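Accompanying notes for the structure given below.
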Amino acid sequence: MDNGMFRTCFRFEKEDVPKLRVALRIPETVMTAQRVPIPGDEALCITLRRLAYPNRLKDLENFFGRHSSRISSLTIEVLRHIDEKFFHLLDDVNNHSWLTIDMLENFSKAIYAKGAPLTNCWGFIDGTARAICRPTRQQQLYFSGHKRFHALKYQSIMCPNGIICQLDGCYPGSKHDAGNFGNSQAYTKLEKLVQGHHYCLYGDPAYPLRPLLLKPYGGASLTLEQCAFNKAMSNVRQAVEWGFGKISGLFAFVDFKKNQKIFRQNVARMYKASALLANCHTCLYGAQVSQYFDLQPPSLEVYLNAR
1 MDNGMFRTCF RFEKEDVPKL RVALRIPETV MTAQRVPIPG DEALCITLRR LAYPNRLKDL
61 ENFFGRHSSR ISSLTIEVLR HIDEKFFHLL DDVNNHSWLT IDMLENFSKA IYAKGAPLTN
121 CWGFIDGTAR AICRPTRQQQ LYFSGHKRFH ALKYQSIMCP NGIICQLDGC YPGSKHDAGN
181 FGNSQAYTKL EKLVQGHHYC LYGDPAYPLR PLLLKPYGGA SLTLEQCAFN KAMSNVRQAV
241 EWGFGKISGL FAFVDFKKNQ KIFRQNVARM YKASALLANC HTCLYGAQVS QYFDLQPPSL
301 EVYLNAR
């Protein structure tokens with residue numbers, strides 16, 4: 001398989017797969033539920049291929065030369081490993097060794113340099129609703145009246161270097177972003193991160209106004225200055241949408257709602273693993289967000305090394 005086809009199938013360059021496996025601490029040999037040993041690099045590739053496109057397991061049998069049951073159990077095992085070893089990097093902004101006060105200052109300067117009127121905004125917060133297959137029970141709980149489909153909701157904090165430094169969820173589709181923000185304890189974590197400094201996040205109008213969380217001016221009669229502020233911040237806040245887009249762009253399996261069956265598989269784990277792998281992809285190759293703000297993401301080893 002040539003390099004271009006490999007990148008299409010697995011989203012990473014061929015020579016970077018062993019490096020990624022080592023960084024993710026996946027052992028050289030992975031044991032399936034059927035007690036079949038499989039090389040770690042192959043196990044990682046099977047998981048990447050499973051997430052990259054909504055193939056049926058049967059379709060992957062000829063691709064890997066393994067039975068669909070082994071492909072399924074192997075994917076579950078690798079995702080469980082990533083969950084246990086690295087999901088703390090998505091749980092709390094304070095778990096990142098590279099996210100220091102000096103880094104918040106650099107982020108604020110980069111966002112200001114792109115036309116933002118705020119001098120102390122270091123990142124962006126937003127929620128997303130990911131469509132799921134209509135559940136057999138609790139349909140009202142998971143139905144989003146705003147989006148008009150059944151969904152799970154997530155809340156992310158996006159850094160201007162392209163890294164999603166916190167991903168909260170999942171929450172039922174009927175829940176409001178403001179309520180999810182309160183349940184996530186994100187503000188308490190932000191207060192701990194900034195250590196008394198006034199570095200803030202910027203979110204959409206759904207979020208509450210706090211000293212460390214700003215949002216657009218609201219109301220029907222805004223001044224010209226307020227309108228200009230809203231427009232300028234809207235232009236830079238699109239970065240968080242690019243971050244969500246990269247997850248589903250790289251790993252389309254999580255964007256195919258007919259496969260997102262919440263009572264049959266761990267949908268939230270698959271989405272969070274995709275987000276973490278998208279961060280790894282950013283560390284290796286950059287991202288639209290990091291290019292826009294002219295910032296370098298941390299190296300793969302630094303990103304996966306918790307504080």
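Just so we're aligned: the sequence shown equals residues 1 to 307 in full-length UniProt numbering.
Built from N, CA and C at the ideal position, the CB exists for glycine as well.
All values derive from a computational prediction rather than experimental measurement.
Restricted to the segment 48 to 84, not a single beta strand (DSSP E) segment is unbroken, complete and at least 3 residues in length. 7 Å or more divides the Cβ of ILE164 from the Cβ of ALA151. Residue pairing by DSSP places PRO39 opposite THR29 in a beta bridge. Within the DSSP secondary-structure output, ASP126 pairs in a beta bridge with SER156. Only residues of its own chain outside the window of five on either side were considered, and among them ASN95 have a CB closer than 6 Å to the CB of LEU89, listed in chain order. Taking a cut-off of 8 Å for Cβ pairs, the segment 136 to 148 and the segment 225 to 232 do not touch, as fewer than three such pairs fall below it. Between TYR202 and PHE293, the C-beta spacing is not below 7 Å. Taking C-alpha positions only, LYS257 is separated from VAL267 by approximately 10 Å. With the rule of 3 Cβ pairs closer than 8 Å, the segment 95 to 110 does not count as touching the segment 170 to 183. The criterion of a C-beta distance shorter than 7 Å is satisfied by ALA52 and PHE251. A direct Cα-to-Cα measurement between THR188 and GLY40 gives close to 38 Å. LEU118 and LYS231 have their C-alpha atoms spaced approximately 12 Å apart. The alpha-carbon of ILE76 is positioned some 17 Å away from that of GLU28. In the structure shown, the three-state DSSP call for GLY249 is helix. Collapsing the DSSP output to three states places CYS280 in a helix. Sorting MET5, ARG137, PRO54, ILE157 by C-alpha distance to the C-alpha of LEU213 places ILE157 at the top. Counting only runs of 4+ residues, the alpha helix (DSSP H) found wholly inside the segment 164 to 224 occupies 177 to 183, 186 to 194, in chain order.
Nearest C-alpha to TYR154 among VAL254, ALA220, PHE10, SER234: VAL254. Counting only residues of its own chain and dropping the five nearest sequence neighbours on each side, TYR271 has a CB closer than 6 Å to the CB of VAL254.
Within the same chain, and ignoring the five residues on either side of GLN166 in sequence, the residues whose Cβ sits closer than 6 Å to its Cβ are VAL93, ILE157. Taking C-beta separations shorter than 8 Å and ignoring five residues to either side along the sequence, the partners of THR32 in its chain run ILE38, ARG70, SER73, LEU74, GLU77, following chain order. Counting only the Cα atoms, PRO135 lies some 20 Å from ARG56. At least 7 Å separates the beta-carbon of LYS215 from that of LEU222.
ALA116 sits close to VAL236, with the two beta carbons spaced by under 7 Å. PRO297 counts as buried, since at least 16 other C-beta atoms from the protein chains shown sit within 10 angstroms of its C-beta.
Taking 3 residues as the shortest admissible run, the segment 99 to 151 contains the following complete beta strand (DSSP E) segments, listed from N- to C-terminal end: 121 to 131. ALA239 carries a helical assignment under DSSP once its states are collapsed to helix, strand and coil. Between the beta-carbon of TYR207 and that of GLY173 there is about 18 Å, and that puts the pair past the 8 Å contact cut.
ARG66 has its alpha-carbon roughly 47 Å from the corresponding atom of LEU104. Nearest neighbour of TYR303 by Cα position, chosen from LEU79, PHE86, LYS14, turns out to be PHE86.
Judged by DSSP secondary structure, GLY162 falls outside any alpha helix (DSSP H); it is assigned neither H nor E.
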